[in-house]
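Each residue of the sequence shown is one higher than the one before, counting from 1 in our numbering.
Glycine included, every Cβ here is placed at the ideal spot set by N, Cα and C.
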Amino acid sequence: MKKLDCPVQNYAWGKPGDKSIVSTLKLATTKELDLSLPYAELWMGTHKNGPAKLLDDEFHENGDIQFLLKVLSVNKALSIQCHPTKEQAIILRMKDPKNYPDNNHKPEMAIALSNFELLCGFRVAKEILENLSIVPELKEKLDKKDIEDLQNGNVEINKKALKNMFIMVMEGDNSLNKTIINNAIERIEKKPNPTDVEKLFVRLNKEYPNGDVGVLVSLFLNYYTLSPGQSVFLGPNIPHAYLFGECVECMACSDNTIRAGLTPKFKDIKTLGENLTYEMSPPNYFICDKNRKDEGIIRYAPNVKEFSIDLMTNKIKMLENVKASSILIVIKGSAEIGGENNLKIKSGDVIFIPASQETTPFLNVSLDFEAYRAYTPKI
1 MKKLDCPVQN YAWGKPGDKS IVSTLKLATT KELDLSLPYA ELWMGTHKNG PAKLLDDEFH
61 ENGDIQFLLK VLSVNKALSI QCHPTKEQAI ILRMKDPKNY PDNNHKPEMA IALSNFELLC
121 GFRVAKEILE NLSIVPELKE KLDKKDIEDL QNGNVEINKK ALKNMFIMVM EGDNSLNKTI
181 INNAIERIEK KPNPTDVEKL FVRLNKEYPN GDVGVLVSLF LNYYTLSPGQ SVFLGPNIPH
241 AYLFGECVEC MACSDNTIRA GLTPKFKDIK TLGENLTYEM SPPNYFICDK NRKDEGIIRY
301 APNVKEFSID LMTNKIKMLE NVKASSILIV IKGSAEIGGE NNLKIKSGDV IFIPASQETT
361 PFLNVSLDFE AYRAYTPKI
């Protein structure tokens with residue numbers, strides 16, 4: 001077992017250094033940080049855009065680290081985005097390696113460390129139509145047949161209508177979007193009790209002003225808040241955007257992201273519009289089950305081959321041999337991992353555990369201990 005030195009990403013949407021869990025965790029292994037910067041992500045893995053320093057040789061030798069583990073600290077909305085299938089990723093990389101550098105898919109799971117706000121998946125048709133009443137100027141520009149089909153059609157007709165409407169909104173003129181959004185905000189601000197959706201609409205416009213289409217897109221997507229310990233799984237071509245809070249995130253080892261709103265980065269509206277599934281589901285469709293393996297382990301095991309995640313609590317007794325190399329990060333508290341030479345671990349420590357590591361006892365576990373361990377499960 002080895003302690004790792006893992007890089008941080010200072011993306012603009014991250015929380016300021018004095019408020020970010022990412023900077024707090026990083027300070028466990030770094031004496032000085034510039035806390036005037038935003039600290040958005042801590043990366044734990046071997047991805048070329050941010051490899052951990054002590055992992056390269058071992059990971060390249062055994063090849064069984066197929067995931068990228070992160071901690072995120074979100075201060076304002078990330079881009080409206082989706083991730084391609086493996087087949088789509090290969091094609092995108094061939095066509096545009098600058099913006100799609102990986103030929104791998106990126107299924108991902110987020111586990112909330114705090115109350116964690118996000119947009120995820122398309123709302124059911126009835127809610128989308130209700131939300132469009134917030135922007136009647138936009139609704140007037142949509143094809144009336146698409147609105148009727150979304151309201152009354154079968155599943156496939158619903159999807160086709162939603163796709164037509166969504167692409168039309170995404171391709172809208174920026175200056176017109178700005179007028180539509182500003183008019184809607186004037187009406188919302190006169191309301192004594194605006195809805196949560198309306199409050200979010202106003203907030204997103206403050207974060208991304210000047211007609212960003214992502215503000216309008218928020219009306220189409222489920223908006224909800226995960227409580228600490230709840231998780232969400234995002235498969236290929238599901239539209240989503242994290243909005244605020246902190247989480248542990250794990251994904252297949254890829255950095256491929258198709259963006260189309262709430263971002264100053266490269267937008268690929270055409271690819272996103274064509275790739276989305278246009279499934280309409282309530283929020284609980286995306287929230288994942290978790291299984292208590294024993295007193296001290298809660299297991300998050302999405303239906304993907306690349307990763308599972310174990311949450312370890314103060315009841316943990318043993319470090320299990322999972323028959324694969326793994327990465328463990330301590331979020332809170334401290335403990336010792338037994339063996340010939342006890343390894344003391346504390347908040348912020350990131351540990352590489354080789355596949356050869358035998359089952360080993362945990363010792364002196366603090367009452368507030370909380371750690372996450374990611375690995376590729378063996379079938």
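At the C-beta level, leucine 162 and phenylalanine 122 come within 8 Å of one another. If you draw a straight line from the Cα of valine 213 to the Cα of glycine 339, it comes to about 55 Å. Cβ-Cβ distances below 8 Å link lysine 293 to Arg299 and Asp310 in the same chain, with the five nearest sequence neighbours on each side left out; the list follows chain order. At the C-beta level, isoleucine 327 and valine 350 come within 8 Å of one another. Per DSSP, reduced to three states, the secondary structure at glycine 273 is helical.
When secondary structure is reduced to three states using DSSP, isoleucine 297 falls in the strand class.
The DSSP assignment places 221–226 and 231–234 as complete runs of the beta strand (DSSP E) inside the segment 166–243, in order along the chain (cut-off: 3 residues). Per DSSP, reduced to three states, the secondary structure at arginine 123 is coil, with no helix or strand assignment. Pairwise C-beta distances place the segment 203–223 in contact with the segment 108–128, as three or more of them are shorter than 8 Å.
Glutamate 186 counts as exposed, since fewer than 16 other beta carbons sit within 10 angstroms of its beta carbon.
Under the criterion of beta carbons closer than 8 Å, alanine 324 and alanine 355 qualify as touching, at roughly 5 Å. One thing to note: phenylalanine 362 has its Cβ within 8 Å of the Cβ of lysine 317.
Shown here for threonine 85: same chain residues with a beta carbon closer than 6 Å to its own, the five before and five after excluded, namely His105 and Pro236 in chain order.
A distance below 7 Å between beta-carbons, with the five flanking residues on each side excluded, links isoleucine 269 to the following residues of its chain, in chain order: Met170, Glu171 and Ala260. Burial state of glutamate 108 is buried, judged by a 10 Å Cβ sphere holding 16 or more other Cβ atoms.
For alanine 40 against leucine 4, the beta-carbon gap comes to about 19 Å, at or over 8 Å, which does not count as contact. The segment 238–255 makes no contact with the segment 142–156: fewer than 3 CB pairs, one atom from each, lie closer than 8 Å. Taking C-beta separations shorter than 6 Å and ignoring five residues to either side along the sequence, the partners of alanine 371 in its chain run Met312, Leu328 and Val330, following chain order. Separation of glutamate 358 and asparagine 75 (C-alpha to C-alpha, rounded to the nearest whole angstrom) is 40 Å. Excluding residues up to 5 positions away in sequence, Phe266 lie with their Cβ nearer than 6 Å to the Cβ of asparagine 99 in the same chain. For the 8 Å CB-CB criterion, glutamine 9 and isoleucine 258 do not form a contact. In the assembly as shown, serine 36 is an exposed residue. Its beta-carbon has fewer than 16 other beta-carbons within 10 Å. The three-state secondary structure of asparagine 291, taken from DSSP, is strand.
In the DSSP assignment, isoleucine 147 falls outside any beta strand (DSSP E) and within the unbroken alpha helix (DSSP H) covering 144–152.
Going by C-alpha positions, lysine 315 is about 14 Å away from isoleucine 337. Around the beta-carbon of leucine 367, fewer than 16 other beta-carbon atoms lie within 10 Å, marking it exposed. If you draw a straight line from the Cα of serine 347 to the Cα of asparagine 275, it comes to about 40 Å.
Only residues of its own chain outside the window of five on either side were considered, and among them Gln357, Glu358 and Thr359 have a CB closer than 7 Å to the CB of asparagine 321, listed in chain order. The alpha carbon of asparagine 49 has as its nearest neighbour, out of Ile345, Ser254, Asn193 and Glu130, the alpha carbon of Ser254. In chain order, Asn103 place their CB closer than 8 Å to the CB of isoleucine 90, counting only its own chain and leaving out the 5 sequence neighbours on each side. Asparagine 164 and lysine 178 have their C-alpha atoms roughly 21 Å apart.
Our two residues, asparagine 364 and cysteine 247, have alpha carbons roughly 26 Å apart in a direct line. By the Cβ neighbour-count rule, methionine 94 is exposed, with fewer than 16 other Cβ atoms within 10 Å of its own.
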